[in-house]
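When we follow numbering that gives the first Met the number 0, the leftmost residue of the first sequence carries the number 0, and every step to the right adds one. C-beta atoms are modelled at their ideal positions from N, C-alpha and C, and glycine is treated no differently. One structure is given here, and the rest of the page talks about it.
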Amino acid sequence: MLDPKRLRANPQEVAGQLARRGYVLEVATFEKLESQRKTLQSETEALQAARNKASKEIGFAKGRGEDATPLFEQVENAKLKLAANESALSALQAEFDDFLARLPNIPHASVPDGKSEADNVELRRIGTPRAFDFPIKDHADLGEALGQMDFAAAAKITGSRFVVLRRDLARMHRALTQFMLDTHTLEHGYEELYVPYIVNADSLRGTGQLPKFREDLFGIQLADRDWALIPTAEVPVTNLLRDEIQDAAALPRKWVAHTPCFRSEAGSGGRDIKGMIRQHQFEKVELVWAVEPGKSCEAHEALVGHAEAILEKLDLPYRVVVLCTGDMGAGAAKTYDIEVWLPSQNTYREISSCSNFEDFQARRMMARYRDPTTKKNELLHTLNGSGLAVGRTLVAVLENYQRADGRIDVPMALQPYLGGMKVIG
RNA sequence: GGAGAGGUGGCAGAGUGGUCUAUUGCGGCAGUCUUGAAAACUGCUGAGUCGCAAGGCUCCGGGGGUUCGAAUCCCUCCCUCUCCGCCA
C-alpha cells in the first residue's frame with residue numbers, strides 16, 4: 000500500500016511514478032473520493048462529538064438528580080443524521096481503502112523503464128553452459144526414461160500440472176531442500192521456520208495477494224472461512240510481522256522456510272505444459288527479511304547473493320537480471336530474477352525472484368519497529384526471494400548433469416546429502 | 001465432538017451502563033541524588049486517524065444489535081485455557 004499522505008499531498012507525482020510501470024492512476028477519481036471523504040468525515044466527527052458531549056451531560060444531570068428530558072430530545076434529533084452520515088462514511092472509506100489496496104508499489108529509482116520481459120536488463124552471467132557432444136534430452140524425457148518421473152500417474156490422481164517422483168529423483172528432490180536449508184541457516188545466518196500452509200484473508204491482504212489476485216490462489220471452501228493454500232512461504236512468514244512492533248535490536252530479521260506452494264496458474268494455459276517447470280504444486284525454500292527502512296537496498300543485494308550461492312555450489316550456470324518497471328510484481332519496488340541455464344530450451348529460465356517491497360507490505364500489515372533514536376514506531380521494509388525453487392532446481396540439475404546414456408551425474412555439493420551417490424540411474 | 005472458564009495497552013491485571021480522559025503494578029524513557037552504577041524519589045509513557053494549531057474522532061478478540069450513552073447488556077463468529085471423548 001502506498002502512503003495515503005503522500006498520495007494526498009502529491010497525486011500527480013505519484014501518478015507519474017506509477018505510469019512508469021504502465022499503471023494509470025485516476026487522479027480525478029481519487030481527488031473526488033478524497034474531497035467527499037474529507038467533508039463527510041469532519042461533519043460526522045462533529046456530530047459524534049456533539050452526541051458524546053450531550054450524553055455526558057445527561058450523565059452529569061442524572062447524577063445531580065435533575066430532569067434530563069430536554070437533553071434526550073436534543074440528542075434524538077441529531078441521531079438520525081449521524082446514523083446516515085456514519086454509514087455513508089464507512090461505505091466511502093471502504094471504497095477508498097479498496098482503491099488504495101489495488102494500487103501497485105512505486106518502482107525504485109534504479110529500476111529500468113520497460114513494458115515487458117524483453118526490457119529486463121541482464122546484470123551478470125555466471126558460469127558457462129556446458130557443450131554437449133550428444134543429443135540432449137529435456138528433464139521430463141530424462142526423468143520418464145529413468146522411470147522416476149511420472150506425470151501420467153499424477154494426472155490420474157489429480158490432474159495436469161502435477162508430478163509423481165520416485166526413488167532417487169524423489170530423494171534428490173528432498174536432498175536439494177536439505178542442502179538449501181543447511182546453507183542458509185549454517186552459512187548465511189537465517190532462522191529456520193516451520194509455518195502453516197493454509198492462510199487466512201488478512202494474511203493474503205498483508206502481502207498483497209488480495210484483493211487483486213484472488214484468481215491465482217487455491218481457495219479453501221470450509222464453512223464460511225476465507226482461507227487459501229499458500230502460493231509462497233512469503234505469505235505466512237512475512238505475516239509474522241503483522242500488527243507487531245519489532246525491537247530494533249532484533250533487526251534485521253532473516254527467516255528461511257521450506258514449504259510447498261500452490262498456484263492455480265490461471266491464465267497460463269498452454270505455457271510450459273510439458274514437465275515440471277510450471278506446476279500447481281511445487282516446493283520452495285524461501286528467504287524473508289525485515290529491515291530498517293534505510294537498509295533495504297543493501298539487504299536486497301545480500302539476499303540475492305544468498306540465492307546465487309546455491310547455484311554456485313551446484314555449479315549451475317545462471318544469470319541475474321533486474322526486472323523492468325513493466326515486468327515487476329505489483330508489490331515490488333525492485334526485483335532481481337535469477338535465471339538458470341536450461342540446455343533443452345537453450346535459454347535461461349527463472350529459478351528465483353528476489354524483491355524489495357520497501358514499506359508496501361509493511362504498511363498493509365502494520366509491521367513496525369521502534370526507532371531507538373526517535374522513539375517512534377516506524378514501518379519496516381520487507382524483502383523476500385526464493386533460495387531456490389526446488390522443483391526447478393531439480394530440473395536444472397537433470398538437464399545440465401545429464402550423460403549420453405541418460406543417467407545423471409550428482410553435483411558434488413549434493414553427494415553428501417545422497418549418501419555419497421555419484422550418479423542416478 | 002461434549003461441558004465449563006476466559007480474550008482489556010510491551011507484559012501482568014482491575015474495571016460488569018454515565019467524571020473511563022481505562023485504576024494499579026512491572027517494564028521503558030527523562031530527571032534528582034551519585035566519582036560511576038544500583039537503590040530511592042519525581043515526572044512522562046497504548047495505537048490509528050483528521051487538523052497549521054487548539055483540539056476532535058475511532059479502537060478493550062472480529063462482526064452485528066440494544067441505549068441519550070457500552071470495555072460493561074444481547075446475538076453471532078473466531079481464538080485461548082481446563083476437563084471428558086476421539087485421534088496422526
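By how many angstroms is the C-alpha of residue j removed from the C-alpha of residue i?
i	j	result
residue 46	residue 71	15 Å
residue 86	residue 42	13 Å
residue 480	residue 247	Residue numbering for the chain in the displayed model covers 0 to 424; residue 480 lies beyond these limits and cannot be assessed.
residue 196	residue 241	17 Å
residue 109	residue 233	24 Å
residue 178	residue 386	11 Å
residue 264	residue 377	36 Å
residue 357	residue 283	23 Å
residue 320	residue 122	5 Å
residue 249	residue 102	31 Å
residue 130	residue 338	19 Å
residue 274	residue 153	12 Å
residue 183	residue 235	19 Å
residue 221	residue 201	17 Å
residue 407	residue 151	22 Å
residue 289	residue 422	40 Å
residue 404	residue 420	17 Å
residue 224	residue 362	25 Å
residue 268	residue 158	14 Å
residue 417	residue 175	10 Å
residue 285	residue 305	11 Å
residue 111	residue 6	23 Å
residue 231	residue 80	47 Å
residue 245	residue 370	9 Å
residue 60	residue 68	10 Å
residue 190	residue 287	10 Å
residue 167	residue 309	20 Å
residue 75	residue 218	46 Å
residue 266	residue 119	22 Å
residue 17	residue 10	10 Å
Output yes or no for whether 9 Å exceeds the beta carbon distance between residue i and residue j.
i	j	result
residue 355	residue 334	yes
residue 229	residue 198	yes
residue 291	residue 368	yes
residue 165	residue 146	yes
residue 401	residue 141	yes
residue 391	residue 281	yes
residue 126	residue 315	yes
residue 1	residue 84	no
residue 325	residue 115	yes
residue 36	residue 92	yes
residue 181	residue 163	no
residue 444	residue 379	The requested residue 444 does not occur in the structure, where the chain is confined to residues 0 to 424.
By alpha-carbon positions, which one of the options ends up nearest to residue i?
i	options	result
residue 329	92, 312, 360	360
residue 34	59, 8, 403	8
residue 312	184, 412, 2, 111	412
residue 29	83, 79, 76, 100	100
residue 20	327, 266, 285	327
residue 271	17, 303, 161	161
residue 252	68, 302, 331	302
residue 346	322, 124, 244, 144	124
residue 14	3, 26, 370	26
residue 353	191, 296, 225, 150	296
residue 94	65, 32, 59, 375	32
residue 107	62, 418, 331, 181	331
residue 78	149, 294, 50	50
residue 343	211, 16, 137	137
residue 278	380, 309, 383, 389	389
residue 117	218, 365, 322	322
residue 39	65, 139, 11, 88	88
residue 317	299, 113, 69, 351	351
residue 364	133, 239, 61	239
Discussion item. Across the stretch 161-178 and the stretch 387-407, are there enough close Cβ pairs to call them in contact, namely three or more that are closer than 8 Å?
Written reply: Judged by Cβ distances under 8 Å, the stretch 161-178 makes contact with the stretch 387-407, as three or more pairs qualify.
Worksheet item: Contact between the stretch 199-208 and the stretch 260-275: three or more CB pairs below 8 Å?
Response: With the cut-off at 8 Å, the stretch 199-208 and the stretch 260-275 do not touch.
Discussion item. Which runs of the beta strand (DSSP E) at least 3 residues long sit entirely within the stretch 360-389? Give them in chain order.
Written reply: For the stretch 360-389, the full-length beta strand (DSSP E) segments reaching 3 residues or more read 367-369, 376-378, 380-388 along the chain.
Worksheet item: Which residue spans inside the stretch 128-196 form an unbroken beta strand (DSSP E) run of at least 3?
Response: Complete beta strand (DSSP E) runs here, min 3: 190-192.
Discussion item. Which complete beta strand (DSSP E) runs does the stretch 252-305 hold, if anything under 3 residues is left out?
Written reply: Runs of beta strand (DSSP E) with 3 or more residues, each lying fully within the stretch 252-305, are found at 252-261, 280-290, listed in chain order.
Discussion item. Threshold first: 3 residues or longer. Then list the beta strand (DSSP E) segments lying entirely within the stretch 34-65, N to C.
Written reply: For the stretch 34-65, not a single whole beta strand (DSSP E) run of length 3 or above is found.
Worksheet entry | In chain order, each beta strand (DSSP E) run of at least 3 residues that lies wholly inside the stretch 388-413 | Counting only unbroken stretches of 3 or more residues, no beta strand (DSSP E) element lies wholly within the stretch 388-413.
Worksheet entry | In chain order, each alpha helix (DSSP H) run of at least 4 residues that lies wholly inside the stretch 216-253 | Segments of the alpha helix (DSSP H) lying fully in the stretch 216-253: 233-237.
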